[in-house]
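Using this note's numbering, you'd call the opening residue of the sequence shown number 1 and step up by one each time.
Glycine included, every Cβ here is placed at the ideal spot set by N, Cα and C.
All values derive from a computational prediction rather than experimental measurement.
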Amino acid sequence: MLSGRRIVLGITGSIAAYKAADLARQLVKAGAEVTVVMTENACRFITPLTFRTLTRGPVITGFFAEQAEPVPHIALAQWAELILIAPATADTIAKTAVGRADDLLTAMLLDTTAPILWAPAMNTRMWDNSVTRENVKKLTQRGHHWVQPTEGELACAETGRGRLAEVEDIVAAVQNLLLPASRLTGKQVLITAGPTREPWDAIRFLSNRSSGKMGYALAEEARRRGAKVTLLSGPVALIPPAGIDLVTVNTAREMYAAAKKAFVQTDIFMAAAAVADFRPAESKTNKIKKSKAPETIALVPNPDILLELGQHKGEKIVVGFAAESDKVVDAAKQKRVKKNCDLMVANAAGGEADAFAADHAQVFILDNQDQVEALPSLPKAQVASVICDRIETLIKEKNSPHTQKTGTRRRRGRKENEEEK
Ligand code: C5P
């Protein structure tokens, strides 16, 4: 069920740590690759050797442990497809809620873009304490997931809520997160991301501030839902998600050529790249001398990839993006129609200078009936998740015989109206 899925199992200092041994075994049995990270206190309850034996994978006990790589929290944070903390203490939850990173586990949680799943275990009053409740709420708002502790006899000889959830329930929650039933499973998804660079001479170019974060988040999310993803990326400073085909390009024309080629096999196209609209009319192969600098640079338009491919979309689903500085929604509506998109994701541009580089985005999603959905400011990973949900709805509608009929009727209706005019 979890064949080849990469899970970091974080174990913190709770008496329930012994149950993590069975959990690690069940995850491995389900086919997952498990790397265990133990806090110092966890090692007082159970030994790393237990996990090394059960998982046959690495067990990392600190930044400076012998088996750790030079920057283990970064490497692990990127490697993980899911980070599960079981058992999770009130302390680790609190540290994560305030963004502390004084041990390997919390540093990794601060660095990862993978989903984070907590399975807490603690005394009832600690769990019910308003500080813990606030911390849990804060993390939930940041998109963290929970397997709630259950009620029963606790190690402190009291009875109440705070027992680590049953191992099979934790494994089920892992499976739900890693293998959500998705209409994207098996679909071929093409995503453009990042800026393009338009050379002017051997070392200078025109470009923009795009970080590529939105496109990369979409690639990660579509792959997580089982899609076969081709990510067509301009130059960015991001680590590509595992398990996708990455094609790197520099210029808009290179991106257009690669997109055109991949589009034939594509079911869903998402154009998240900030393609440079213009390029220098002439690009020198040598470096232009300062003394010979022209007063102006003549520009010529680049191909509009989304516009060109949108015209030939047939049954494909096409999603465009629009960063607008004025009348965001109206401008995005026009752009959706012009570029023949099923969905247009719009955001206000021009405020924060580094909005492109931000990890959060506040967007509007316009559908093909011009319905507008305003999302709150969310981490880009969550925006990607909502966009993928909307694409799944479109796939469902396309597959529904009723919608197909209504679609035909609607089209016919429109034609009749046109003839009347
Ligand atoms: O027209 P505008 O650049 O605002 O449109 C933005 C949308 O069009 C984005 O989805 C972007 O990826 C796409 N686009 C493109 N090729 C261009 C310019 C924009 O694919 N040359």
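Item                                                                                                                                                                           : Value
Regarding Phe263 and the ligand C5P, is the C-beta to nearest heavy atom distance less than 7 angstroms?                                                                       : no
Does the structure place the region 195 to 210 close enough to the region 282 to 294 that three or more beta carbon pairs sit under 8 angstroms?                               : yes
Tell me which residues share the same chain as Leu110 and place their Cβ nearer than 7 angstroms to its Cβ, disregarding the 5 neighbours each side in the sequence.           : Gly99, Ala101
State yes or no: is the C-beta of Ala193 within less than 8 angstroms of the C-beta of Gly215?                                                                                 : yes
Counting along the chain, where does the beta strand (DSSP E) carrying Met270 start and finish?                                                                                : 268 to 271
Does Pro294 pass the burial test, meaning 16 or more other C-beta atoms within 10 Å, or should it be called exposed?                                                           : exposed
Count the other C-beta atoms from every protein chain shown that fall within 10 angstroms of the C-beta of Pro120, then say buried if there are 16 or more, exposed otherwise. : buried
Would you tell me roughly how many angstroms separate the C-alpha atoms of Thr230 and Asn123, rounded to the nearest one?                                                      : 47 angstroms
Near Gly336, what residues of its chain come up, given a Cβ to Cβ distance below 6 angstroms and the 5 sequence neighbours on each side ignored?                               : It should be noted that the sequence gives Arg, not Gly, for residue 336. Hits under 6 angstroms: Met344, Leu366.
Using only alpha-carbon positions, find the residue among Ala271, Ile83, Lys29, Thr89 that is nearest to Ser14.                                                                : Thr89
Could you check which residue in Lys137, Arg253, Gln311 has the C-alpha nearest to that of His145?                                                                             : Lys137
So if DSSP puts Lys338 in a beta bridge, which residue, or which two residues, is it bridged to?                                                                               : Per DSSP, none; premise fails for Lys338.
Examine the ligand C5P and report whether any of its heavy atoms sits within less than 7 angstroms of the Cβ of Thr192.                                                        : yes
Is the region 163 to 181 close to the region 205 to 212, with three or more CB pairs under 8 angstroms?                                                                        : no
Using 7 angstroms as the cut-off, classify the Cβ of Asp277 as near or not near the heavy atoms of the ligand C5P, replying yes or no.                                         : yes
When you compare the CB positions of Val319 and Ala262, do they come within less than 8 angstroms of one another, or not?                                                      : no
For Glu221, which option in Gly314, Lys396, Ser385 has the closest C-alpha, if you only look at C-alpha atoms?                                                                 : Ser385
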